[in-house]
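Q:
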Amino acid sequence: MAKWFERNKSVLPLLLIVGLAVAALSAAAMPIKQSAVSAATSFPRPPHKEVAKMARWVAHVTDWGTLATVDRESSPVGGVVSHSDGDVDLPTGRIYFYLTPMDELVQNALVRPKVSYTLTEAQLPEGCKTVDPEDPTCAKVTFLGQLVQVVEPQEQAAAKAALVARHPVMANWPARHNFMLLELQVAEVHLLDFYGGMAVMAGDEYYAAVLDTAAASA
């Protein structure tokens, strides 16, 4: 063992740094997974026929999704971003983001604010384990609307609290990157959670739905 350390002493600091980095990344990921599990535990999956509730449920129990924008050449550009609609025990249906204008998605949305945001039940730690993510019974939802900056101080406080509750690391993101609080104002929702085709609903129907708690469902 002593000979091994002697032969490898030059790389040991590097190995230590890599090990610490991996451990840090794993630790950072754990609250996100636990957040999704806690949200899904607090609010059980709705019946597939209750489409507005299902859309609200998917928005609440997931923590990230694919944001699609249109660039200056009218080409579609999508990317993965994090979101929150509230603390695990407080679903609001309001989809908030904390994004930097360095991101091309934000640059696109500031010029063309109409976007879509796609989520799937398959993102959950135990989601859709027995079926393919493309199977209709694996719920998937796309929100269409405008991505707008949150500017009113009280609204900013609510948005920041919702995001940090689900993504604690955001509190430490560098100020020099000028992160912005943004909200997707949902105008229309496309949901597929069972056989028979997509359900399309207005944003008002989505916002009006109320999730049933685990206690109420028992």
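Number 64 in full-length UniProt numbering belongs to position 64 of the sequence shown; there are no gaps in the numbering. The beta carbon of each residue, even a glycine, is placed where N, CA and C say it ideally should be.
1. Buried or exposed: P153, going by 16 or more other Cβ atoms within 10 Å of its Cβ?
2. On the three-state DSSP scale, how would you describe M102?
3. Beta strand (DSSP E) containing P76: first to last residue?
4. Ordered along the chain, which non-local residues of its own chain (more than five positions away) have a Cβ less than 8 angstroms from that of A21?
5. Thinking L124 and V61 are a contact (beta carbons under 8 angstroms), I'd like their distance in whole angstroms, please.
6. Can you name, in chain order, every residue of its own chain whose Cβ lies under 6 angstroms from the Cβ of V151, other than the five neighbours on each side?
7. Where does V61 fall in DSSP's three states?
8. With DSSP run on the structure shown, which of helix, strand or coil describes V151?
9. Within 10 angstroms of its Cβ, does V210 collect 16 or more other Cβ (buried), or is it exposed?
10. The beta strand (DSSP E) with E188 in it runs from where to where?
11. Just to confirm the assignment, what range does the beta strand (DSSP E) spanning A199 have?
12. Looking at the structure shown, is Y195 part of a helix, part of a strand, or coil, going by DSSP?
13. Closest to V194 by C-alpha separation, out of S42, T41, H48, F43, would be which residue?
14. What do you get for P91, buried or exposed, if any count of 16 or more other CB atoms within 10 angstroms of its CB means buried?
15. Let me know if W57 comes out buried or exposed under the rule of 16 or more other beta-carbons within 10 Å of its beta-carbon.
16. Who pairs with Y96 in a beta bridge, going by DSSP?
17. If you draw a straight line from the C-alpha of S74 to the C-alpha of V111, how long is it?
18. Using only CA atoms, which one of A187, P46, K114, E50 lies nearest to G78?
19. Less than 8 angstroms between the CB atoms is what I'm expecting for V141 and A55, so what's the real figure, rounded?
20. Which residue's Cα is closest to the Cα of V81: L67, E205, D89?
21. Count the other CB atoms, across all protein chains shown, that sit within 10 Å of the CB of K53; report buried if there are 16 or more and exposed otherwise.
22. Is it the case that the stretch 94 to 102 contacts the stretch 172 to 181, given that we only count it when at least three CB pairs across the two stretches are under 8 angstroms?
A: Looking at the atomic coordinates:
1. exposed
2. coil
3. Here the beta strand (DSSP E) through P76 covers 76 to 82.
4. In this predicted model, A21 has a pLDDT of only 39, less than 50, meaning its place in the structure is not dependable; the value taken from the coordinates is given anyway. Nothing meets the Cβ criterion.
5. Confirmed, about 6 angstroms.
6. There are no such residues.
7. helix
8. Note: V151 maps to coil in three-state DSSP.
9. exposed
10. 180 to 192
11. 199 to 202
12. coil
13. Before going further, note that residue 194 is Phe rather than Val in the sequence given. Nearest option by C-alpha distance: H48.
14. buried
15. The residue is buried, with at least 16 neighbouring Cβ atoms inside 10 Å.
16. S84, E183
17. 11 angstroms
18. Ranking A187, P46, K114, E50 by Cα distance to G78 puts K114 first.
19. 5 angstroms
20. L67 is the residue among L67, E205, D89 whose C-alpha sits nearest the C-alpha of V81.
21. buried
22. yes
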